[in-house]
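A short write-up of the structure that comes next.
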Amino acid sequence: MCGIIGVVSLENVVPLLLDGLGRLEYRGYDSAGLAVIADGLKQVRVCGRVRDLRDRVAKAGLHGSAGIAHTRWATHGAPTEKNAHPHISRWLIAVAHNGIIENHLFLRAKLEAAGYRFDSETDTEVIAHLIHRDYIGNGGDLAGAVRSAIAELAGSYAIAVLAADRPGQLVCAKHGTPLVVGFGDDAHFIASDIYALLPFTRCFSYLEDGDVVDISAAECHIYGHDGQVAKRPRHISELAGNNSELGAYRHYMLKEIHEQPQALADTIAVLSPDFAPELFGKNARKGFTETSRIAIVACGTSYHAGLIARHWIENLAGVPCDVDIASEFRYRTRSMDDQDQLLVLISQSGETADTLGALKHARGRGVRHVLSICNVAESAMTRQSDMRFMTQAGPEIGVASTKAFTTQLAGLYVLAVCLALARGRIDASQARYHYEQLFRLPEWAAEVLRIEPDLLMTAEDLTASKHALFLGRGVHYPVAMEGALKLKEISYIHAEAYPAGELKHGPLALVDAEMPVVAIAPKDVLIDKMKSNMQEVSARGGRLFIFTEKNSDMEQRSTQHIILLPGGYGDLSPLLYAMPLQLLAYHVAVLRGNDVDKPRNLAKSVTVE
Numbered sequence: 015m016c017g018i019i020g021v022v023s024l025e026n027v028v029p030l031l032l033d034g035l036g037r038l039e040y041r042g043y044d045s046a047g048l049a050v051i052a053d054g055l056k057q058v059r060v061c062g063r064v065r066d067l068r069d070r071v072a073k074a075g076l077h078g079s080a081g082i083a084h085t086r087w088a089t090h091g092a093p094t095e096k097n098a099h100p101h102i103s104r105w106l107i108a109v110a111h112n113g114i115i116e117n118h119l120f121l122r123a124k125l126e127a128a129g130y131r132f133d134s135e136t137d138t139e140v141i142a143h144l145i146h147r148d149y150i151g152n153g154g155d156l157a158g159a160v161r162s163a164i165a166e167l168a169g170s171y172a173i174a175v176l177a178a179d180r181p182g183q184l185v186c187a188k189h190g191t192p193l194v195v196g197f198g199d200d201a202h203f204i205a206s207d208i209y210a211l212l213p214f215t216r217c218f219s220y221l222e223d224g225d226v227v228d229i230s231a232a233e234c235h236i237y238g239h240d241g242q243v244a245k246r247p248r249h250i251s252e253l254a255g256n257n258s259e260l261g262a263y264r265h266y267m268l269k270e271i272h273e274q275p276q277a278l279a280d281t282i283a284v285l286s287p288d289f290a291p292e293l294f295g296k297n298a299r300k301g302f303t304e305t306s307r308i309a310i311v312a313c314g315t316s317y318h319a320g321l322i323a324r325h326w327i328e329n330l331a332g333v334p335c336d337v338d339i340a341s342e343f344r345y346r347t348r349s350m351d352d353q354d355q356l357l358v359l360i361s362q363s364g365e366t367a368d369t370l371g372a373l374k375h376a377r378g379r380g381v382r383h384v385l386s387i388c389n390v391a392e393s394a395m396t397r398q399s400d401m402r403f404m405t406q407a408g409p410e411i412g413v414a415s416t417k418a419f420t421t422q423l424a425g426l427y428v429l430a431v432c433l434a435l436a437r438g439r440i441d442a443s444q445a446r447y448h449y450e451q452l453f454r455l456p457e458w459a460a461e462v463l464r465i466e467p468d469l470l471m472t473a474e475d476l477t478a479s480k481h482a483l484f485l486g487r488g489v490h491y492p493v494a495m496e497g498a499l500k501l502k503e504i505s506y507i508h509a510e511a512y513p514a515g516e517l518k519h520g521p522l523a524l525v526d527a528e529m530p531v532v533a534i535a536p537k538d539v540l541i542d543k544m545k546s547n548m549q550e551v552s553a554r555g556g557r558l559f560i561f562t563e564k565n566s567d568m569e570q571r572s573t574q575h576i577i578l579l580p581g582g583y584g585d586l587s588p589l590l591y592a593m594p595l596q597l598l599a600y601h602v603a604v605l606r607g608n609d610v611d612k613p614r615n616l617a618k619s620v621t622v623e
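All the letters of the sequence shown, read from the start, carry residue numbers 15 to 623 under our numbering.
Structure follows, in structure tokens:
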């Protein structure tokens, strides 16, 4: 969600800014802009994509040795060119900003009274004017002006600041929103995450809240919240420097769906049959045996993974498990009363603001054991957790999560088995069985993906729909939730998921011949109850699209379309049933002509609350 990159170099920084900005596109955005110092400040902004900005910059012939660039995801003010970043104050100060300034209306009134004119609807423009005011007032000390300006801000921010009369200087500050510094030979960089900078450097420092950074091509000085020089460790990243290429695929989402067998194989490659808790960290055995309760906290798709994991953890390990949406977690007053509770955080990026807020809240309540399930080893969430399991999904470019979700589920199943073994709920022979089941996942995933041609007719049937219901029971109800989320994320069809037993408590009123009903119905202990619920739909003339297994004894009918999976997946069934729902949503969205990888209004890395 939003992306910042800034560069100070002995060379022209414009190509670096545009390249880095392109690598931040996965975060989601609706406008983009760039500012450089070249005989004063020069600015180009567009309401559109980075490719549009690239064209405008080329026509303008921009160059400069210091610059900042930004992709904006609209919060305050519509996605328009005037609201795009960077924002400029009196052609002296330029600012790019991620985050939300909560007291911007108060500051805006204060600055307007002092004679400042606002050109945008954004909260960010107050930062530019505050820095301008203090820069003029302190005789041109840019770092000092940034420090005094941020003292007035309430909310979250990562900012990058240029001054027109300081062509070799870039100043940054951070509070509550990610920002990293990159170190080069004749250049220094800042960015929202390291992916933007990997082609240029592999040496990084992660900034802490309150830090102010003063950089030039030759030097980088980091100051803590107290204004004193701060030493932040330098890390050498081992991540790949290039984003995945599309290859033969039309969209990243489809490519990433088909990468799931390999991603699962890579994720479980670290396993051994003994399921040693140390897989999660050196303190994991103590944490696993001491905990009396588990709290899983996540957002969106990761929340659905947590709901599935609750079934596994309670059934296998016998540990009570709560699952909370991260944005609500901090506002339940009794959410973390037990300091021995194990907090499990799930996030693809590890930078999700609400999940990081939950982590901070739990630490403030004295919680000692925090475990993160994440796809980015160098994220804020993994750095702040004492236990972790790294999924190996690789870069996920499509906004709608696919392979990150299924690899999260694999990691969570490993957690459930490790807990069960550490707590004496299962023995070594049972652990070996779960090990063998996990290692069948890549093969099973490949088999499931082969049913893609069978989904095309179903997708065509759903394309003209305005609404859809998804049904599941037990551990497959969260799978229905994930299927509904995928459909609405990228096809823009309104979809809701319900436990199938709840149909008669309200949702059945929606069922008619125009309402498609997608049912997840594996052959498990609830199959007979699920069949009864589907009969309730058929009796009202509803159209059923049933995902089930070859031996489930269901037949094709005029109002009942069966999609058969090979089946026999046991506890891991939710993971395999999620994949055809991803494919269904994808093909519906393609048939509707939507931008599958960049659905409207959404962002990949949600770094604002």
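C-beta: ideal position from N, C-alpha, C; glycine also.
Could you compute how far the alpha carbon of residue i sits from the alpha carbon of residue j?
i      : j      : result
ASP585 : LEU579 : 15 angstroms
LYS480 : ALA533 : 18 angstroms
PRO93  : LYS73  : 23 angstroms
ILE271 : ALA603 : 14 angstroms
GLU528 : GLY581 : 30 angstroms
GLN596 : LEU357 : 29 angstroms
ILE465 : ILE360 : 29 angstroms
HIS325 : GLY42  : 32 angstroms
ASP338 : HIS118 : 30 angstroms
ASN389 : ILE411 : 13 angstroms
VAL22  : ARG382 : 41 angstroms
GLY182 : CYS432 : 53 angstroms
Could you name the residues of the same chain whose beta carbon sits closer than 6 angstroms to that of residue i, not counting the 5 residues immediately before and after it, in chain order?
i      : result
THR573 : ARG557
ALA187 : VAL160, ILE164, ILE173, VAL226
VAL531 : LEU483, VAL551, GLY556, LEU558
ARG246 : SER219, ILE236
ALA478 : none
MET404 : ALA391
LEU455 : LEU278
Is the Cβ-Cβ distance between residue i and residue j less than 8 angstroms?
i      : j      : result
ALA231 : ALA201 : yes
THR85  : LEU35  : yes
THR396 : ALA312 : no
TYR220 : THR191 : no
LYS96  : ASP133 : yes
LEU616 : VAL413 : yes
ALA340 : GLY378 : no
ALA445 : ASP288 : yes
ASP354 : THR281 : no
LEU423 : PRO588 : yes
PHE343 : HIS375 : yes
LEU598 : THR472 : yes
HIS318 : PRO536 : no
ILE141 : HIS189 : no
ILE145 : VAL175 : yes
For residue i, which residues from the same chain have a beta carbon less than 8 angstroms from its beta carbon, with the 5 sequence-adjacent residues on both sides left out?
i      : result
GLY332 : ALA434, ARG437, ARG439
Excluding sequence positions up to five away, which residues of its chain have a Cβ less than 7 angstroms from the Cβ of residue i?
i      : result
ARG487 : PRO513, ALA514, GLY515, LEU540, LYS543, MET544
TYR506 : ASN608
GLU292 : ALA298, ARG299
Buried or exposed: where does residue i fall if 16 or more other Cβ atoms within 10 Å of its Cβ makes it buried?
i      : result
GLY380 : exposed
GLY54  : exposed
VAL243 : exposed
MET495 : buried
ALA629 : A query on residue 629 cannot be resolved here, the shown segment of the chain reaching from 15 to 623 and no further.
LEU470 : exposed
GLN570 : exposed
THR215 : buried
CYS105 : The amino acid occupying residue 105 in the given sequence is Trp; Cys does not appear at that position. Result: exposed.
ARG180 : buried
GLU233 : exposed
GLU365 : buried
Would you mind reading off the limits of the beta strand (DSSP E) that contains residue i?
i      : result
LEU76  : Segment: none, LEU76 is in no beta strand (DSSP E) and carries neither H nor E.
MET401 : 401 to 404
LYS417 : Run containing LYS417: none in the beta strand (DSSP E); it sits in the alpha helix (DSSP H), 417 to 436.
LYS480 : Premise fails: LYS480 is in no beta strand (DSSP E) and is neither H nor E.
Tell me which residue opens and which closes the alpha helix (DSSP H) that residue i is part of.
i      : result
ASN547 : 541 to 553
ILE497 : Note that residue 497 corresponds to Gly in the displayed sequence, not to Ile. Looking at the DSSP string, the run of the alpha helix (DSSP H) that includes GLY497 is 491 to 505.
LEU370 : 367 to 378
ARG147 : 139 to 151
SER316 : 314 to 326
ALA298 : 298 to 304
Are there any heavy atoms of the ligand COA lying less than 7 angstroms away from the beta-carbon of residue i, as far as the coordinates show?
i      : result
THR369 : Inclusion of the ligand COA in the displayed structure is not the case, the ligand content being empty and no account of it being possible.
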